[in-house]
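Enquirer: Chains as they are written, first to last, in the numbering used here: chain A, 11 to 463; chain B, 19 to 182. Please read through the structure below; I'll follow up with questions.
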Amino acid sequence: MTDEPIDGPDEPAPDPFGREAPPPLPADEAIFAGGFGSSAPSPARRRPIAYLAIVIGLVAMVGGAIFFARSAGQASGAKTPEAAVQRVFDALGNEDFLGVLEALTPAERSLLNGRTQTVAQELGRLGILRKDLDLGKVKGIDLAFTGLQYQSTSLADGFTAVEIKAGTSTYRIDPATSPLGDFVRGLLSSKAAGVVSGSDDISRDHPVFMAVRQDGSWYVSIGYSMAEQARRDAGAAVPTFGSGVPGRGAATPEAAVDQFLRAAGALDVRRLIELTPPGEAGALHDYAPLFLPDLEKGAKEARSAFSLTIKSLKLSSQPSGDEAVVKIDTIAFRLTIPGAGVVVDFDGECATIKGAEGFLGLGSNGRLCGKDLARSSGIPGFELKPEAGIVAVREGEVWYVSPTRTVLDGLIAILKAIQPGDLERFKQFFGAFGFQGYGGPTPRSIQTTLPHA
Amino acid sequence: MGRGRLPEADDVTRTVSVPATPIVATVAACMAALGAAFLPWLTTGEARRSAFALARSADALGFIDSPVRRAMVLSWYLLPLLTAAVWTAGALRQPVAVAALAAVVGSMSVAAGSMFMSLARPGLGPVAAVVAGIVTLAGSVWLAWSVASARAATSRMTAEGSRT
């Protein structure tokens, strides 16, 4: 092993790429080194600045390792309940939709993420919102929140209510650049085209946000916030978190939906809540004891007024990860309303209605089939056939029914089924009833033929 | 050992002289790649996200849903550590280590930048990352070539020394 370096070669080395090799460098311009584990030049030859560079590098490596460890294991939530709420307001003030989503609990985030974008796209296609709407850059709406002061109340371990005690919101909405689409702009009167701005005391209504701790981080929960606000408005006692109605799902998505539909038919409120996902609908499970007795009492009374019996039910599902869209292939049921003397028998294709002949365009035999059944409402667009289903979600290997996802996906399916021309017909339909404020046709120009009819 | 001593066989693979310029350039390019990661990659509303904040957001929003994606995100968080390692290797005069680590940094930077540019409307960050990554890769190739040249020259010199 040499203590001294061998300086550059006397002859140029062969170029591995066939190019002319560089001339040998003077010793003071060359760095003496080899491969991994090579012997560096004697430390005695290093200048102090080299030592400083090494120290800086080592410190930076330690910093990089800490950064990696923190980033890799970092939850996306906030450190305190107040910080979680502040993140929501910061994101709103920055018109940062992504930031708002990040501040929410993971379950609610996964529920809204993607679906919101799809809804915005469909609304853009229909002209309700701008076609080029980017949820990351919503123009025409400026929000600012200042002087926010919070008061936190721990309701249970991991559940903190954060009330806004003081704060001002300032807003400015410019319809000209706002995300409203052509269809909605056409409905607006000229008075509504001006810029709207102002400020408001947001503590006036004592808004409460519920922060929930998950994996050591705090998130804002929309579901818990709504439930807590409702509880406060009702003056009810604080529920015992974690001891509400327990989740009791099913082994398969079809089984969960089957039980859900039968429970709905039987107005079995408790079973309906049990079948909702405890993670996503945790607030419903936790707050249910506050309203369940009244609801069950009401359901009992309702059961004496009508009964729905599902005779047969065939379901199929399309699972995708922890979600599955369950569709009703066939269903047959009997609906009885003793008070009105009405009995509806649906065999999967035709509905036989007894006791309401003459209503809804029914024939003398009270039987409606296929398209006639759909057309009976007389509302334009009713014949739309959205590709919707009931959404089941898997939590801990058990399947539950997600009402929120079902509603959102149903909304998306309906929006996808609607064409811009349908909206025009809706406009004419409602215009006939004296809806003003748009420059549309007069009632005399209403189409007499319903769409798809 | 005196200055006139001829290198022994195993010394040949370990002690070569490499110009300082490619090492400095490669280290600088690596730092530029790291700097690019802190530039705005995505702007939503008035909020600007760096590459690391974006990775966290993607994770939070459930886009990191497979082991491959998880590994990609985790390796991305290694970028500062790798860049610091490149710096340290440069300070320790280890050109092969610099070249190897820089190649990793450059590849990551180019891959992340180009991937994001293909997915969304990018900010300044992804463009800068691709440019810095390409420069880093070029620097590492230059450095590797310099090391190979120096090694070949040293081997030849050793062989000549043995003959005499």
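By construction, the Cβ of each residue, glycine as well, lies at the ideal position given by its N, Cα and C atoms. All values reported here derive from a predicted model rather than from experimental measurement.
Between the alpha carbons of A:ASP432 and A:GLN438, how many angstroms are there, rounded?
Expert: Spanning the two alpha carbons is a distance of roughly 10 angstroms.
Enquirer: DSSP on A:PRO287, reduced to helix/strand/coil?
Expert: The answer is coil: DSSP assigns A:PRO287 none of H, G, I, E or B.
Enquirer: Looking at the C-beta of A:GLY349, does it have a partner C-beta in chain B at a distance below 8 angstroms?
Expert: Output row for A:GLY349: interface = no.
Enquirer: Output yes if chain B places a C-beta closer than 8 angstroms to the C-beta of A:LEU418; else output no.
Expert: Chain B, which has no Cβ nearer than 8 angstroms to the Cβ of A:LEU418, makes this no.
Enquirer: Between the C-alpha atoms of A:LEU121 and A:GLY331, what's the straight-line distance to the nearest angstrom?
Expert: Their Cα atoms are separated by approximately 13 angstroms.
Enquirer: Would you call the CB atoms of A:GLN159 and A:LYS149 closer than 8 angstroms?
Expert: Not closer than 8 angstroms, so no.
Enquirer: Exposed or buried, A:GLU359, counting other C-beta atoms within 10 Å across all chains shown (16 or more means buried)?
Expert: Per the 10 Å Cβ criterion, exposed.
Enquirer: Mind checking if B:PHE134 is an interface residue toward chain A, Cβ cutoff 8 angstroms exclusive?
Expert: Output row for B:PHE134: interface = no.
Enquirer: Using a Cβ-Cβ cutoff of less than 7 angstroms, which residues in the same chain neighbour B:CYS48 once the five nearest sequence positions on both sides are dropped?
Expert: Closer than 7 angstroms at the Cβ level, and outside the excluded window around B:CYS48, lie THR101, VAL104, ALA120, VAL123 and THR154.
Enquirer: Look at A:VAL205 and A:ILE232 and say whether their C-beta atoms are less than 8 angstroms apart.
Expert: The answer is no: Cβ separation not under 8 angstroms.
Enquirer: Of the residues that make up the segment 47-65 of chain B, which ones have a beta carbon closer than 9 angstroms to any beta carbon in chain A?
Expert: Within the segment 47-65 of chain B, the residues whose Cβ lies closer than 9 angstroms to some Cβ of chain A are LEU60, THR61, THR62, GLY63, GLU64 and ALA65, listed in chain order.
Enquirer: Quick one, which of A:THR262, A:ALA293 and A:PRO189 has its alpha-carbon nearest A:MET236's?
Expert: Checking every option, the nearest Cα to that of A:MET236 belongs to A:ALA293.
Enquirer: Do the segment 141-157 of chain A and the segment 261-271 of chain A meet, that is, are 3 or more Cβ pairs less than 8 angstroms apart?
Expert: Too few Cβ pairs lie closer than 8 angstroms, so no.
Enquirer: Find out if the Cβ-Cβ distance for the pair A:VAL255, A:LEU302 is shorter than 8 angstroms.
Expert: Result yes, Cβ atoms of A:VAL255 and A:LEU302 sit closer than 8 angstroms.
Enquirer: Thinking C-alpha only, which one of A:ILE363, A:ASP357, A:THR340 and A:ASP106 is nearest A:ALA350?
Expert: A:ALA350 has its Cα closest to that of A:ILE363, out of A:ILE363, A:ASP357, A:THR340 and A:ASP106.
Enquirer: Answer yes if the segment 81-99 of chain B comes into contact with the segment 143-159 of chain B, meaning at least three C-beta pairs across the two stretches below 8 angstroms, and no otherwise.
Expert: They do not touch, by the three-pair rule.
Enquirer: Between the Cα of A:THR187 and those of A:LEU139, A:ASP225, A:SER227 and A:THR178, spot the shortest distance and give me the residue it belongs to.
Expert: Residue A:LEU139 is the option with its Cα nearest to A:THR187.
Enquirer: Using DSSP with H/G/I as helix, E/B as strand and the rest coil, what is A:LYS321?
Expert: In the structure shown, A:LYS321 sits in a strand (DSSP, three-state: E or B).
Enquirer: Got a sec, what are the start and stop residues for the alpha helix (DSSP H) A:ASP192 sits in?
Expert: Element bounds for A:ASP192: 192-197.
Enquirer: Do we get a CB-CB distance below 8 angstroms when we pair B:ARG74 with the residues of chain A?
Expert: Yes, contact with chain A.
Enquirer: Could you pull out every residue in the same chain whose Cβ sits closer than 6 angstroms to the Cβ of A:GLY191, ignoring the five residues on either side in sequence?
Expert: Contacts found: GLY137, ILE138, LEU139 and ARG140.
Enquirer: Keeping to the same chain, check which residues put their C-beta closer than 6 angstroms to that of A:PHE46; ignore five residues upstream and five downstream.
Expert: Reliability of the predicted coordinates at A:PHE46 is poor, the pLDDT of 43 falling under 50, and the value obtained from them is presented with this limitation in mind. There are no such residues.
Enquirer: Look up B:PRO140 in the DSSP assignment and give the residues it is bridged to.
Expert: B:PRO140 pairs with nothing; no bridge assigned.
Enquirer: Hey, would you say A:PHE316 sits closer than 8 angstroms to A:LEU285, going by beta carbons?
Expert: No.
Enquirer: Taking 8 angstroms as the threshold (beta carbon to beta carbon), is A:LYS89 in contact with chain B?
Expert: No, no contact with chain B.
Enquirer: Does the count of Cβ pairs from the segment 63-72 of chain A and the segment 106-119 of chain B closer than 8 angstroms reach three?
Expert: The segment 63-72 of chain A vs the segment 106-119 of chain B: in contact.
Enquirer: Looking only at C-alpha atoms, which of A:GLU311, A:ARG97 and A:THR250 sits nearest to A:ALA276?
Expert: The shortest C-alpha separation from A:ALA276 is found at A:GLU311.
Enquirer: Can you look up A:TRP228 in the DSSP assignment and give me helix, strand or coil?
Expert: Strand at A:TRP228.
Enquirer: So that I know if they touch, is there some Cβ in chain B lying closer than 8 angstroms to that of A:GLU290?
Expert: Closer than 8 angstroms: no.
Enquirer: Would you mind listing the beta strand (DSSP E) stretches within the segment 62-113 of chain B that are 3+ residues and don't spill past its ends, in chain order?
Expert: Qualifying beta strand (DSSP E) stretches, in chain order: 65-67.
Enquirer: Quick one: measure Cβ to Cβ for A:ALA221 and A:ALA94, integer angstroms, because I've assumed they're closer than 8 angstroms.
Expert: About 5 angstroms separates the two Cβ atoms, so the contact holds.
Enquirer: So, for B:LEU52: in the same chain, excluding its five sequence neighbours on each side, which residues have a beta-carbon less than 7 angstroms away from its beta-carbon?
Expert: Counting only Cβ-Cβ distances below 7 angstroms, and skipping sequence neighbours, we find LEU97, PRO98 and THR101.
Enquirer: Are the segment 63-75 of chain B and the segment 102-113 of chain A in contact at 8 angstroms, needing three or more beta carbon pairs?
Expert: Output reads yes: the segment 102-113 of chain A touches the segment 63-75 of chain B.
Enquirer: Just the Cα atoms here: how many angstroms apart are A:THR262 and A:VAL408?
Expert: Spanning the two alpha carbons is a distance of roughly 7 angstroms.
Enquirer: Would you list, in chain order, the members of the segment 104-125 of chain A that have their beta-carbon closer than 8 angstroms to a beta-carbon of chain B?
Expert: The segment 104-125 of chain A vs chain B, Cβ under 8 angstroms: ASN104, GLU105, ASP106, PHE107, LEU108, GLY109, LEU111, GLU112, PRO116, ARG119, SER120 and ASN123.
Enquirer: In the DSSP assignment, what are the bridge partners of A:ASP152?
Expert: DSSP lists A:ARG182 as partners of A:ASP152.
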